[in-house]
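Remarks on the structure that follows.
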Amino acid sequence: MRTARAPLATAATTVTAAAAALAAIVGLTGCGGASQAADPAQPAARHFEGLPFVGVLFADGEHHCTASVVDSPKGNVLVTAAHCVHFQDDDENDEGEDDGKDSADGEKPGPITGDLQFAPRFSGAGEGTFPYGKWKVSGIHVPKAWRDEDSDRGDYAFLTVEPDARGRSVQEVVGAATPDFSSGPRRHVTVVGYPNEAYNPDNDPITCTTDTERDEDQPYMMQMRCGGFYDGTSGGPWLADHHGAGRPGRLIGVLSGGDTDAESTAVLFDGQARELYERVAGGAAKSS
Numbered sequence: 274m275r276t277a278r279a280p281l282a283t284a285a286t287t288v289t290a291a292a293a294a295l296a297a298i299v300g301l302t303g304c305g306g307a308s309q310a311a312d313p314a315q316p317a318a319r320h321f322e323g324l325p326f327v328g329v330l331f332a333d334g335e336h337h338c339t340a341s342v343v344d345s346p347k348g349n350v351l352v353t354a355a356h357c358v359h360f361q362d363d364d365e366n367d368e369g370e371d372d373g374k375d376s377a378d379g380e381k382p383g384p385i386t387g388d389l390q391f392a393p394r395f396s397g398a399g400e401g402t403f404p405y406g407k408w409k410v411s412g413i414h415v416p417k418a419w420r421d422e423d424s425d426r427g428d429y430a431f432l433t434v435e436p437d438a439r440g441r442s443v444q445e446v447v448g449a450a451t452p453d454f455s456s457g458p459r460r461h462v463t464v465v466g467y468p469n470e471a472y473n474p475d476n477d478p479i480t481c482t483t484d485t486e487r488d489e490d491q492p493y494m495m496q497m498r499c500g501g502f503y504d505g506t507s508g509g510p511w512l513a514d515h516h517g518a519g520r521p522g523r524l525i526g527v528l529s530g531g532d533t534d535a536e537s538t539a540v541l542f543d544g545q546a547r548e549l550y551e552r553v554a555g556g557a558a559k560s561s
């Protein structure tokens with residue numbers, strides 16, 4: 274799966290600058306690891322048709338992480354994992370040596386550069402299909418804990434996207450989940466993600482519905498056990514009270530990391546997440 278500070282299972286070495294930067298960030302934090310034998314008593318993710326408000330992030334034509342639309346006054350806000358879109362200071366290899374991690378190739382701390390886009394409900398082998406098109410990311414916003422303190426407790430990011438050619442917001446077109454900044458760590462959730470092509474050649478989304486609990490090693494995180502969440506699923510939404518596309522539910526966190534494809538963690542959204550969200554969104558969620 275995506276062990277924090279672990280290498281990607283398959284490094285992206287032939288993509289352009291922005292895509293390489295995105296691949297490096299994903300590999301350095303929470304998006305690399307090995308699978309283990311499945312526990313027959315443990316749930317496993319299944320492929321499904323996807324949700325309109327969940328999709329993938331593309332950097333110069335290459336997709337690596339999952340993102341979703343979160344309800345906002347202007348309908349233009351996404352949420353994903355911070356490590357998918359923003360370098361930390363320790364993402365750089367200062368010694369210039371192979372330290373067992375995918376190199377950031379000298380990238381400076383800060384947001385990735387290049388053409389970053391969001392593709393809702395993307396799927397399909399090869400170039401894939403884009404039922405709702407691509408939406409240009411116009412802003413990347415991460416918490417201080419991630420930007421200044423290099424702390425995994427800030428591993429979430431809110432993004433803004435531009436309207437489409439008809440002037441519509443992404444939320445108008447695909448819907449959104451309601452952000453929840455007061456949830457406890459024990460919830461019944463549905464988690465959605467897009468494993469990368471090494472594990473998922475048809476680029477189909479996966480889903481798993483299971484129970485969460487507090488991560489005792491990192492009490493600001495919650496964890497779940499469900500097999501199949503390989504590289505690429507980082508940033509996927511953890512949805513409580515979810516009942517299909519028509520009732521998206523409440524988004525309480527996004528997938529951050531884990532020790533294997535069957536053990537995943539997410540930072541539980543709290544007051545600091547609310548402050549960042551409201552600053553980016555320009556106010557509280559319409560449906561909160």
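Using this note's numbering, read the sequence shown as starting at 274 and increasing by one per residue. Don't be surprised by glycine CBs; every beta carbon is placed ideally from N, CA and C. What you are looking at is a predicted structure, and each value in this text was computed from that prediction instead of being measured.
Looking at D333, V410 and W419, the one whose alpha-carbon comes closest to that of A355 is W419. The beta carbon of N469 lies closer than 6 Å to those of D504 and G505 in the same chain, with the five residues before and after it left out. Just measuring C-alpha positions, the residue of K381, P452 and W408 sitting nearest E548 is P452. CA-to-CA, the gap between G555 and Q545 works out to about 15 Å. Counting other Cβ atoms within 10 Å of its Cβ, G348 reaches 16 or more and is therefore classed as buried.
With a cutoff of 7 Å on beta-carbon distance, A340 and F391 are scored as near each other. Three or more beta-carbon pairs drawn from the region 433-445 and the region 395-413 are found closer than 8 Å, and the two stretches are therefore classed as touching. Secondary structure in the region 433-509: the alpha helix (DSSP H) runs of 4 residues or longer, each lying completely within the stretch, are 443-447 in chain order. Around the Cβ of Q315, a 10 Å sphere holds fewer than 16 other Cβ atoms; the residue is exposed. One thing to note: V464 has its Cβ within 7 Å of the Cβ of W511. Runs of the beta strand (DSSP E) lying entirely within the region 385-422, each at least 3 residues long, are 389-393 and 408-414 in chain order.
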